[in-house]
Structure formats: structure tokens, C-alpha cells
Amino acid sequence: MTEEPPVSEAPLLLAFDASTPLASVAVGRGDELLAQAYLVDPREQASRLVPTISAVLREAGVDRAQLGGIIVGKGAGSFTGVRIAAATARGLAAGLGVPVWPCSSLAAAAVSAWVPAGLRGHLSWRFGSDAPLEADPAAGVGAPLSSLPSAARDGPRYILFDAGGDRVYAAAYRFSDGGIQTVLEPCAATVGELLRLELAPDALFAGDGALRHVRTLEAAGHSVLAFPAGVPTAAALLGLHRLRPVEAPEREGSRWQPDYLRGSSARPPRRMEGMS
């Protein structure tokens with residue numbers, strides 16, 4: 013395992029995600045989360061994302077010119093939100109001459125397990141009024157990103173984003189030895205199609221799609237994690253980047269595309285087929 017550079021030598025990274033109604037922005041260096049902010053109204057994502065980025069940088073005491081890279085949630089999720097985030101990342105990366113890492117919002121949601129208290133009133137319409145919202149004080153600003161809980165158990169975490177009707181954007185990941193393994197590639201599917209797969213008996217479900225279909229999932233014998241587990245936060249993107257440090261970034265001028273998952277289907281990675 014490659015030894016990580018000291019925090020003082022690690023690059024400053026800007027991360028943001030707008031794939032769900034709760035958009036977020038964060039700045040980090042190494043294992044340190046310097047500042048973060050949330051946009052709780054999806055109607056303001058287009059107008060408020062860039063100003064929020066500027067505010068988070070000011071809070072962190074960071075100038076844009078100091079940034080060493082950008083991490084952006086590439087979806088799947090809200091078509092508008094994913095498109096806004098991608099365009100913003102491309103523009104900033106081109107203007108600053110820094111690399112950009114487009115990361116799966118579904119994978120970030122698997123890493124994420126908390127948001128600050130005080131947002132329940134804004135989000136209860138989306139995630140369910142009975143979904144508890146509690147902050148983890150140990151995971152606040154200044155705490156190591158590694159303190160963010162990645163999974164409540166050792167089993168795979170299935171992340172479902174609501175795609176309307178009985179459809180969801182789905183993926184599944186397993187955490188082990190500080191790493192993350194894809195169990196189900198990101199796909200668009202119905203809940204019924206997912207349940208027809210050979211799911212691990214210790215599988216956990218999270219995300220607004222899982223909460224929308226909680227009765228169906230629990231009737232099939234699966235556990236659904238309460239909100240805010242399954243929210244793809246910017247802090248989680250920073251944590252995901254630390255779990256996958258060897259992934260090459262997209263360079264300036266790259267024509268990378270957001271992951272809208274149109275026409276995809278539920279299918280595990282080839283190496284995982286036949287495994288529970």
C-alpha cells in the first residue's frame with residue numbers, strides 16, 4: 013500500500029454533488045475536511061451552486077488558485093442536478109487548469125452516513141417524516157474523513173435513488189480493509205428486477221429510493237437504513253476519493269459525460285456473478 017503524503021503536502025480538493033435534492037459542497041486536504049455546505053432547495057441548485065462553492069472556499073481560507081483538483085458526483089440521479097454539477101466542474105477545471113475526478117454519486121451515497129442536524133424540515137417530504145435525522149459530532153468540520161461511517165455492517169450496501177414510479181437508480185458496494193468493491197454496477201431498474209437478483213442475505217438498502225419502497229424491501233426480508241444514510245454528500249466524495257486514490261483523473265479538455273444510466277439494466281459485475 014502506497015504511503016500517503018502528510019496532510020500539509022496533500023492537494024486541496026473541491027468536491028460537490030447535485031444528484032439528489034440535497035446538493036452539497038466541501039473542501040478537504042488529505043484526511044481533513046476543511047469546510048462544507050448544503051443546498052436544501054433543488055430549485056436553487058443552478059443559481060446557488062457556484063456562489064456556495066465560493067462561500068465554502070472562503071470558510072476554508074482557500075483561494076481557487078490553490079486547488080489541486082475537483083471531485084464531482086457524476087450521477088446517476090436528477091438529470092438537471094447532475095448536468096449542472098458536470099458543467100460547473102468542467103468550467104472550473106478548465107479555468108483553473110486542474111484535473112477533475114467524476115465519481116459515482118451512488119458510490120458516494122454508500123460512503124455517506126450523516127448530514128448536520130437541522131435539515132429535517134426541508135427533507136421530510138422527500139425521505140419520509142419517520143426517518144430520523146441525527147448528526148455524528150465526530151464527523152464534523154475538522155474531524156478526519158476516515159471517521160465517516162462507511163457501512164453499518166460488513167454486508168453489501170445497496171443504494172437506491174428514486175427515479176419515479178417503481179424505478180430506481182441502483183448500485184451496490186462492499187467495504188473491506190479500507191477499500192470499496194462494486195457488487196452491482198450502477199443501473200436503472202425496477203425494485204422488482206432488483207429483488208429477482210441473487211442478493212446477499214446480509215444486504216442493506218439505503219437512499220431515497222429504498223425509503224420510498226421500504227415496505228416492499230422489508231417484505232422481501234431486507235433491511236433499509238434510515239435517513240441520512242444513502243445521501244451522496246460532497247464530504248463522502250472526498251472520502252470515496254481516498255478509498256480509490258489510484259484512479260486517474262480526467263484531464264483538461266476531456267469529454268467525459270455524466271452517468272444518466274439510460275438504457276442500463278440491473279446486472280452484477282461479471283466477476284461477481286454467481287456470488288451471494
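Going by this note's numbering, the sequence shown opens with residue 13, and the numbers climb by one from there. Cβ coordinates follow ideal geometry from the N, Cα and C atoms, glycine included.
Secondary structure of R179 (DSSP, three-state): strand. Sequence-distant Cβ neighbours of S66 in its own chain, meaning closer than 6 angstroms and more than five residues away, do not exist here.
The region 92–108 and the region 180–196 do not touch, with fewer than 3 CB-CB distances between them shorter than 8 angstroms.
Between A260 and P213, the alpha-carbon positions lie close to 34 angstroms from each other.
Looking at H225, E205, Y181 and E262, the one whose alpha-carbon comes closest to that of A121 is Y181.
Here P23 really is in contact with G81; their C-beta atoms are around 6 angstroms apart, less than 8 angstroms. The C-beta distance from G93 to P63 rounds to 16 angstroms, too long to meet the 8 angstroms contact threshold. For A201, the closest alpha carbon among the candidates T194, A218 and G176 is that of G176. In the DSSP assignment, P114 falls within the unbroken beta strand (DSSP E) covering V112 to C115.
A buried status is given to E197, since no fewer than 16 other beta-carbon atoms sit within 10 Å of its beta-carbon.
Just so you know, the alpha carbons of V110 and S235 end up roughly 41 angstroms apart.
For V84, the enclosing beta strand (DSSP E) begins and ends at L79 to G85.
When secondary structure is reduced to three states using DSSP, A201 falls in the strand class. Separation of D43 and L26 (C-alpha to C-alpha, rounded to the nearest whole angstrom) is 13 angstroms.
Rounded to the nearest angstrom, the Cβ distance from F173 to A88 is 6 angstroms, consistent with a contact under 8 angstroms. Only residues of its own chain outside the window of five on either side were considered, and among them none has a CB closer than 6 angstroms to the CB of A231. Between I192 and A247, the gap from beta carbon to beta carbon reaches 9 angstroms or more.
Here D271 is buried. Its C-beta has 16 or more other C-beta atoms within 10 Å. Only residues of its own chain outside the window of five on either side were considered, and among them D29, S31, G85, K86, G87, A88, G89 and P244 have a CB closer than 7 angstroms to the CB of S117, listed in chain order. Listed in chain order, the non-local C-beta contacts of L61 below 8 angstroms within the same chain comprise F28, A30, A35, V37, L51, I96, A97 and T100, local neighbours out to five positions each way being set aside.
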